[in-house]
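>
Number of protein chains: 2
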Amino acid sequence: MPKVSDAHLTARRRQILDAAGRCFARDGFHRTSMQDIVHESGISAGLVYRYFAGKDEMIIAIVNQWHERRQALIEAGQHATGDANESRDLVAEAYLDLVRSIGQPQALEDLRLGVQVWAEAVRTPAIRELVRRGVDGPRTTAANLISRAQGNSAVPADLDPDALARILIAIYQGLVLQTVWDESVDNDALVATLEAILDMIIPS
Amino acid sequence: MPKVSDAHLTARRRQILDAAGRCFARDGFHRTSMQDIVHESGISAGLVYRYFAGKDEMIIAIVNQWHERRQALIEAGQHATGDANESRDLVAEAYLDLVRSIGQPQALEDLRLGVQVWAEAVRTPAIRELVRRGVDGPRTTAANLISRAQGNSAVPADLDPDALARILIAIYQGLVLQTVWDESVDNDALVATLEAILDMIIPS
DNA sequence: TCTAGGAAAGTGGACGTTCATTCATTAAAG
DNA sequence: CTTTAATGAATGAACGTCCACTTTCCTAGA
Chain A
1 MPKVSDAHLT ARRRQILDAA GRCFARDGFH RTSMQDIVHE SGISAGLVYR YFAGKDEMII
61 AIVNQWHERR QALIEAGQHA TGDANESRDL VAEAYLDLVR SIGQPQALED LRLGVQVWAE
121 AVRTPAIREL VRRGVDGPRT TAANLISRAQ GNSAVPADLD PDALARILIA IYQGLVLQTV
181 WDESVDNDAL VATLEAILDM IIPS
Chain B
205 MPKVSDAHLT ARRRQILDAA GRCFARDGFH RTSMQDIVHE SGISAGLVYR YFAGKDEMII
265 AIVNQWHERR QALIEAGQHA TGDANESRDL VAEAYLDLVR SIGQPQALED LRLGVQVWAE
325 AVRTPAIREL VRRGVDGPRT TAANLISRAQ GNSAVPADLD PDALARILIA IYQGLVLQTV
385 WDESVDNDAL VATLEAILDM IIPS
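Here the protein sequences line up with chains A and B, keeping their order.
Sequential numbering from 1 applies to the first sequence in this note's numbering.
Sequential numbering from 205 applies to the second sequence in this note's numbering.
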């Protein structure tokens, strides 16, 4: 059948999604018009609707893509050992790497997009579910690790594993906000201090 | 001059602002139409423009109001001692009270609004300045307190005061996000765990 | 190897709707 | 009776989406 290659189709889809991502990061989901995305992508208006049913579907796709990237970032930090029973040091280092990545200039656009996703999750149930699922995995992993460490008496027993996991994630989220508002935040100092704190409450 | 009382004017202004706040918390700034606010407030469209030059000015007013409320919340937690040189326990308790307030059901709408403010700050320079200013005060206060505590050797010297202050604020911000996404988050466990952590890194 | 035909890729102006804002007008207060 | 508060239909711009149309590419028949 006369079609174009599959590679071309996925490339076009990515072309649109990348443009949409840039627009959404810059202006938010609802201050970005379809025309904006059309201009940014260099593609005609009509064609966009061959790849996405509408703006809402594009937003969902962007949110999915964002969480996939986040997941990849977390897994990359674990140095690809493939070990399901991660050690404390491995997970802690992956966490610190994640916090370190906040300070990289090339990550800024991605972080800005993330903040828009977080705000949209407040309003749209489908996106809220995606965000929750994206956070659930890392949280459960961390909580299990902390729980195990408590068994070894390495972590004080009065710390609730799930609560502590939530707090660690909260630190990441809050630092993303502060960095996005003020690029001059000293990320190195944050990481060093966070490392010191981790050593105090979850010694290896 | 034939006018209505000043009290009436400020009441009307608040009537509009309250309605706008409810709409913005529910739908975000840019999915809320002026018609929505008009309906929610029970006031005619034209009258709104006697009190606010336009939608943008209303958003600014809402952001200001939000930070004033936050400031009041923080000061209320310090039990009105009026002491400029706050003690560690006083500030720590104010901080924990602030985190505790996240769990109060009647605060949810306010938190949802806050998340919208944070996202808008990414895009709009004027709002970003307001948000930064709102965070700067508490951060400086906390950093100074930590710095003083380090002088007394109560806090490890390898913790950067400003970084630690940022992390504490980040915890608040992240927990707001998580609570807004999932009301069933166990706030009591969070506060208890956070209290234990505070005792470890900033002993009194 | 060449070419006609069909199917999908791609275009961009048109469409109905919704938006923020205005203004001619009425109601009410002093 | 003058001044201001208050109304809400009107306005034009901008929005998301659609669709009639053109271009491009693959296949089939010679």
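Beta carbons: idealized from backbone N, C-alpha and C, even for Gly.
Spatial neighbours of A/Met-34 within its chain, please: CB distance less than 8 Å, with the 5 preceding and 5 following residues excluded, ordered by chain position.
Only Ala-45, Val-48, Lys-55 meet the Cβ criterion.
> What first and last residue would you give for the alpha helix (DSSP H) that runs through B/Lys-207?
Unbroken run through B/Lys-207: none, as it is neither H nor E.
> Counting along the chain, where does the alpha helix (DSSP H) carrying B/Pro-342 start and finish?
329–355
> Closest to A/Leu-159 by C-alpha separation, out of B/Leu-398, B/Leu-334, B/His-271, would be which residue?
B/Leu-398
> What do you get for B/Leu-213, buried or exposed, if any count of 16 or more other CB atoms within 10 angstroms of its CB means buried?
exposed
> With contact counted as at least three CB pairs below 8 Å, one residue from each stretch, are the region 184–202 of chain A and the region 126–137 of chain A in contact?
Here the region 184–202 of chain A does not lie against the region 126–137 of chain A, with fewer than 3 beta-carbon pairs under 8 Å apart.
> Examine the Cβ distances between the region 11–24 of chain A and the region 220–235 of chain B and report whether three or more of them are shorter than 8 Å.
no
> Under 8 Å Cβ-Cβ, which residues of chain A neighbour B/Ile-373?
Under the 8 Å cutoff, chain A gives Gly-174, Gln-178.
> Taking its Cβ as the centre, do 16 or more other Cβ atoms sit within 10 Å of A/Arg-14, making it buried, or is it exposed?
exposed
> Using a Cβ-Cβ distance cut-off of 8 Å, determine whether B/Pro-329 contacts chain A.
no
> Rounded to a whole number of angstroms, what is the C-alpha to C-alpha distance between B/Met-205 and B/Ala-211?
With a pLDDT of only 41 at B/Met-205, under 50, the local geometry of the prediction cannot be trusted, and no value is derived from it.
> Determine the burial state of A/Gln-106: buried for a count of at least 16 other Cβ atoms within 10 Å of its Cβ, exposed for fewer.
exposed
> Note down, in chain order, each residue of its chain lying with its Cβ closer than 7 Å to the Cβ of B/Ser-298, except the 5 sequence neighbours on either side.
The question names Ser, but residue 298 of chain B is Ala in the sequence shown. Excluding sequence neighbours, B/Ala-298 sits near Ile-278, Gly-281, Gln-282.
> In chain B, what lies closer than 9 Å to A/Ala-197 by C-beta?
It is worth fixing the name first, because residue 197 of chain A is Ile in this sequence and not Ala. Result: Leu-363, Leu-368, Ile-371, Ile-401, Met-404, Ile-405.
> Taking a cut of 8 Å between CB atoms, which residues from the region 265–277 of chain B lie near chain A?
Result list empty, no residue passes.
> Please check the pair A/Val-63 and A/Val-117, which I expect to be a contact at CB under 8 Å, by giving their CB distance rounded to whole angstroms.
5 Å
> Please identify the residue among B/Ala-353, B/Asp-366, B/Ala-330 whose C-alpha is closest to the C-alpha of B/Thr-344.
B/Asp-366
> Have a look at A/Ala-157, A/Leu-111, A/Leu-177 and flag the residue whose alpha-carbon is nearest the alpha-carbon of A/His-67.
Selected option, being the one with the closest Cα: A/Leu-111.
> In chain order, what residues of the same chain lie with their CB nearer than 7 Å to the CB of B/Arg-216, ignoring the 5 residues before and after it?
Tyr-255
> Could one say the Cβ of A/Asp-97 lies closer than 8 Å to chain B's Cβ atoms, at least one of them?
no
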